[in-house]
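Reviewing the structure listed below.
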Amino acid sequence: MPPKDRLHGTLDVLVLKTLSWGPRHGYAIARWLEETSGEEISVEEGSLYPALYRMERRGWIEAEWGMSELGRKAKFYSLTREGRRQLQQESVEWQRFTQAVLRILVAT
Amino acid sequence: MPERERKHLRGPVWRESVTDEVSAELSFHVEMRARELAARGLDLEEARRAALAQFGDISDVRAECETIASQRDRDMRRATYRSEFLQDTRYAVRQIRGAPWFSLLVIGTLGLGIASATTIFSAVHAVVLRPHGFANADRVHFISETWKESAGDVSPGTFIDLDEQATQFETIAAIDWSTFVLAAEGVPDQVVGAAVTPDYFQVFGVHPVLGRGFTTEDAQPGAPRVVILSHAIFREQFGGDRSVLGTDIRVDGDPARVVGVLPAGFDPLLMGEALWVPLALTPEQIAARGSHWLDVVGLARAGVPHATVQSELDRLAGLMREQHPADHEDRGIVAQPIREVLLGDYDRRLFLLLGAVSVVLLIACANVANLLLARGAAREKEIAVRAALGAGHGRILRQLLTENLVLSLATVALSIGIALVGARLIVTFAPADIPRIAETRIDPVVLAFAVIVGALSSLVFGLAPALRAVHTDLQGTLRSGGRDTQGGTRDWLRNSLVIGEVALSVLLLVGAGLLIRTSVEAARVDPGFRMDGIVSARVTLPEQTYRDPERVQAAFQRIAEAAATRPGVTHGAATSLPPLGAGGNEMFLNVEGRPATLDAAVVGRMRIVSNGYLEALGIPLLRGRGFDSRDVRAADRVTIISADLARRLWPGQDPLGRRFACCEENATSPAWKTVIGVAAAVRSQSPTIEPYPEFYLPLAQAPDGSWNWIQRSMSIVATGAQTDALVAAIRDAVHSVDGSVPVYGIGTVRDALRNATAAARFNMLLLSILGALGLVLAATGIYGVVSYFVNLRRKEIGVRMALGASTRSVLALTTRQAMGPVVIGLVLGALAALAATRLLAASLFGVTPTDPLTFGITLAGLLLVALGAILLPARRASRVDPTEALQA
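So the protein sequences, as listed, match chains A and B. Take 0 as the starting number for the first sequence in numbering that gives the first Met the number 0 and just add one per residue. Take 0 as the starting number for the second sequence in numbering that gives the first Met the number 0 and just add one per residue.
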């Protein structure tokens, strides 16, 4: 089990990745994560929101109120330039990390 | 992160509260999930419950999100504020650079005002206000014995009684000042020192940094000789080497063991002592209650008021009068707080300067106020336009505040620079006799105070017009073309500022003028003796080798003769009091044939001189003869008296051949001195001090006891063309008699005169600088105000000229209107000066505090300057082209 901050970081990088295809609201992010990960990664839905607020404060994402598919007002998040840079950096680090773990696990 | 900044500049996306934002977002999520579940077949209620459960602890999440969101909003506000502040600062700098003369004027005026106030106040602080370099400065008293009204030294008997009986003092100590010959490495050096009773250091609460203080045993007659060194002499003479402790050094030729070194800067009575030895009072000295030669200091008990101390001393003095009626008749004891004794009237002089400085600061503030008011009025239109374009009042005020802050910052930087330089100048040019002025440092508190005063005045007067501008009816302001719509009230304010500035300048300049006249008068006075081509040096014969009065007298006689016969020397002589020196040696003279009581006695200052003294100093002998070879020790005692003393002793009679007794007699066998000559009165202390009744005694007949009072020291004077030759001649003369005796205090009489008047000249210089500063500031202030009015009235003047007014009449009108407040200011200033210059009276010489010439010149001068400051812009008014002015 990766440590908690790694988990935090994991959620962050996943959200950033989700937003890299375009703005969406919190619920849509949660849905997309569920579907794409094939239920392998179960994110406790509630923990998504503090992560969103934290990233907004850091300036990685920004929020704007808009209309949802069902005609309801919803807060849409989108990536900032800084968020994009963060995503890149995090992805590289993740690859390095997983490869390192993998190398150890497959070593005979 | 430009993207983020741009977003922040747009302002927060969500203007509702953070609570609403979070709860709207979270409930949207839950609802969407519930709908999804419902679509899969759950009934609505069930779907909602399941959605909530899936979400987790919603109240926890809500709290966390709210916290982060409010932090986010705070960050944003800060970023907004920062970027607006940067924007304002950039705008302010642009404004300041856009009006360089205006800005320079404001910065320069206020900077000079703040700097001069700070510098002078720091000097005052160093001298007067800062705590002294010892503990309990407010409890230390200087104790004197009085006779009738005059205070003097204390007799050993009185000191012992006080030490035993005074209960209001924690400690008291006696001091006998003296000079010592200190031989460290080869060259003997003459230093000031004191014999003190063992408790001396306790009075000032000071402990040696090395070794110990004096013990009671040290002060027993016959105890081994010990000495305590000042830190300065420890450093200079002994290289700060602590191994000197416990070794013997030669003091007045005899070995004395160094037992202690005091902390640096310990100089409580400003005598600059280099060493201290224990004072042992012999039973004979204690019994001689009639001889007064001790200085006494006492540390009053904590919390005891001065009045209580004094009333106890009065009681003890009463007891002494009963017990020793002969010696204590008419005598009392007074205690004076040490500060009063040491600072004398320096505090008065410096507070006077402080007053002058405050006046300059006030003028500077008034000036800046005027400038800012004028500028504020000119910018009303700009401000109105910005308000019309949607800038909030708060935002505009903040922007103007920033502008003021930038201006103030520049002012502060400049004033700190000037103040630091000013403090240097004061330390460099201040006369040496003002205690502790060399310790002048720019005081941060004082600087902060002056800066706050200056910044506040610029803030108030800078923001006042802005405040009014943002609140006035925009349409009106724009339509009126930005003209002053409340002209009446603000004309009044501006005129009052001019009146104030002019009045304050009068005050300053009259003060400076009186001091300048004083200095001119003082330089013109003939002190009555030779000032040029004369050198004086001091010699003290050590007690060890010169215990016998006859030996002392013979040695000085030989030195004086040797000095007179050296090549390059016209006259050489010796005198007990140097020409131009502090007073002292005041004696009671009892005239023959009158009752020999102190009541009937006349006071005169005694000078013991060698035969050629009057000739050397060029003091005319009005009657009779000078001292010559007839006046030897064995012959009848003779004296020469000054014309003043002659008048006082025998008014309207011929003094020659008459006799008085003094200086050495006892009641039964007075040593009569016959007057053989009358010398012209001279201003022997300073040209500005009236001649004092004096008498001269021939060196050959010097009273034996006098050598102890004057501590076997005399000044050797020599006249001639070349200073160097004279100095060498005196040294040679002294060393031809005794090679081990140091010569000190060498200098020309002209230099001594310069030193005697240095404090007065320093005062005059400072006040003149302040006066000039005030004048310049007032002139620029008047110029600024008149220019402002003229610009304001261009249109009106244009109309007048179009209607046929002549250039001259416009000039006259403008001038007349502008001169009104100037004249009122002159009158008020003159009245204030009449009242205030009395404070200067003690520093004046040769002029009265209400000197009409000084007042006249000051007022006329200021009037002319004001007229000039008015005419410049007024001429511009008279050249207004009517068509152009009307079209504008």
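In this text, a Cβ means the ideal position worked out from N, Cα and C, and glycines have one as well.
{"Item": "Between the C-alpha atoms of B/M319 and B/G583, what's the straight-line distance to the nearest angstrom?", "Value": "26 Å"}
{"Item": "Spatial neighbours of A/M0 within its chain, please: CB distance less than 7 Å, with the 5 preceding and 5 following residues excluded, ordered by chain position.", "Value": "Reliability of the predicted coordinates at A/M0 is poor, the pLDDT of 36 falling under 50, and no value is obtained from them."}
{"Item": "Counting only C-beta atoms, is B/D483 closer than 8 Å to chain A at any point?", "Value": "Residue placement at B/D483 is poorly supported in this model, since its pLDDT is 46, which falls under 50; the coordinates are not used for a value here."}
{"Item": "The alpha helix (DSSP H) spanning B/F555 covers which residue range?", "Value": "548-564"}
{"Item": "If we cut at 8 Å on Cβ distances, does B/G480 have a partner in chain A?", "Value": "In this prediction, B/G480 scores a pLDDT of 49, lower than 50, which makes its location untrustworthy; the coordinate-derived value is nonetheless stated afterwards. No - not a single Cβ of chain A is within 8 Å of the one on B/G480."}
{"Item": "Would you check if the distance between the CB atom of B/S457 and the CB atom of B/L109 is smaller than 8 Å?", "Value": "yes"}
{"Item": "Taking Cβ to Cβ, would you say B/V677 is nearer than 8 Å to B/L588?", "Value": "no"}
{"Item": "Report the three-state DSSP secondary structure of B/H323 (helix, strand or coil).", "Value": "coil"}
{"Item": "Beta-carbon within less than 7 Å of B/Q556's beta-carbon, same chain only, minus the 5 sequence neighbours each way: which residues are those?", "Value": "S609, L698, A699"}
{"Item": "Does the distance from the CB of B/T779 to the CB of B/L508 come in under 8 Å?", "Value": "no"}
{"Item": "Between A/E43 and chain C, is any beta-carbon pair separated by less than 8 Å?", "Value": "In summary, chain C is missing from the structure at hand, where the protein chains are A and B."}
{"Item": "Using the rule of at least 16 other Cβ atoms within 10 Å of the residue's Cβ for burial, across every protein chain shown, is B/D850 buried or exposed?", "Value": "buried"}
{"Item": "What is the C-beta distance between B/T747 and B/V534, in whole angstroms, given that I count them as a contact (C-beta under 8 Å)?", "Value": "5 Å"}
{"Item": "Under DSSP, the alpha helix (DSSP H) around B/Y545 begins and ends at which residues?", "Value": "No alpha helix (DSSP H) contains B/Y545, which DSSP labels as neither H nor E."}
{"Item": "Check whether the Cβ of A/G25 lies closer than 8 Å to any Cβ atom in chain B.", "Value": "yes"}
{"Item": "With contact counted as at least three CB pairs below 8 Å, one residue from each stretch, are the stretch 644-655 of chain B and the stretch 709-726 of chain B in contact?", "Value": "no"}
{"Item": "I'd like to know if the stretch 563-575 of chain B and the stretch 609-619 of chain B are in contact, where contact means that at least 3 CB-CB pairs between them fall below 8 Å.", "Value": "yes"}
{"Item": "Could you tell me whether the stretch 422-430 of chain B touches the stretch 68-86 of chain B, where touching means 3 or more Cβ pairs closer than 8 Å?", "Value": "no"}
{"Item": "Kindly indicate the opening and closing residues of the alpha helix (DSSP H) around B/V733.", "Value": "722-736"}
{"Item": "DSSP state of B/P99, grouped into three classes?", "Value": "helix"}
{"Item": "For A/R56, go through chain B and note every residue whose CB falls closer than 7 Å to its CB, in chain order.", "Value": "I67, Q70, R71, D74"}
{"Item": "Since B/T170 contacts B/L298 with CB under 8 Å, what's their CB separation in whole angstroms?", "Value": "5 Å"}
{"Item": "Within the stretch 621-709 of chain B, note down every full beta strand (DSSP E) run reaching 3 residues or more, in order along the chain.", "Value": "637-641, 658-660, 671-678, 693-697"}
{"Item": "Please list, in chain order, all residues of the same chain as B/N189 whose beta carbon is under 7 Å from its beta carbon, the five residues on each side excluded.", "Value": "The question names Asn, but residue 189 of chain B in the sequence shown is Gln. For B/Q189, where only same-chain residues beyond five positions count, the Cβ hits under 7 Å are T178, V180, T539, P741, Y743."}
{"Item": "Note down, in chain order, all residues in the stretch 66-82 of chain A with a beta-carbon under 7 Å from any beta-carbon belonging to chain B.", "Value": "R71, A73, K74, T79, R80, E81"}
{"Item": "For B/G391, count the other beta carbons within 10 Å of its own beta carbon; 16 or more makes it buried, fewer makes it exposed. Which is it?", "Value": "exposed"}
{"Item": "Is DSSP giving B/H206 helix, strand or coil here?", "Value": "coil"}
{"Item": "Given that A/R53 touches chain B, what residues does it touch there, using C-beta distances under 8 Å?", "Value": "I67"}
{"Item": "Closer than 8 Å by C-beta to B/D627: which residues in its own chain qualify, once you throw out the five before and the five after it? Chain order, please.", "Value": "N610"}
{"Item": "Could you tell me the distance, in whole angstroms, from the CA atom of B/S842 to the CA atom of B/G855?", "Value": "20 Å"}
{"Item": "Excluding sequence positions up to five away, which residues of its chain have a Cβ less than 7 Å from the Cβ of B/A150?", "Value": "S143, V333"}
{"Item": "Give the residues of chain B in contact with A/P49, contact being defined as C-beta atoms less than 8 Å apart.", "Value": "V60, E63, C64, I67"}
{"Item": "Taking only beta-carbon positions, decide if A/S19 is within less than 8 Å of chain B.", "Value": "no"}
{"Item": "With a threshold of 8 Å between beta carbons, is A/S36 in contact with chain B?", "Value": "no"}
{"Item": "Within the 8 Å Cβ cut-off, does B/I57 reach chain A?", "Value": "yes"}
{"Item": "Could you tell me whether the stretch 437-456 of chain B touches the stretch 112-119 of chain B, using the rule of 3 or more Cβ pairs below 8 Å?", "Value": "yes"}
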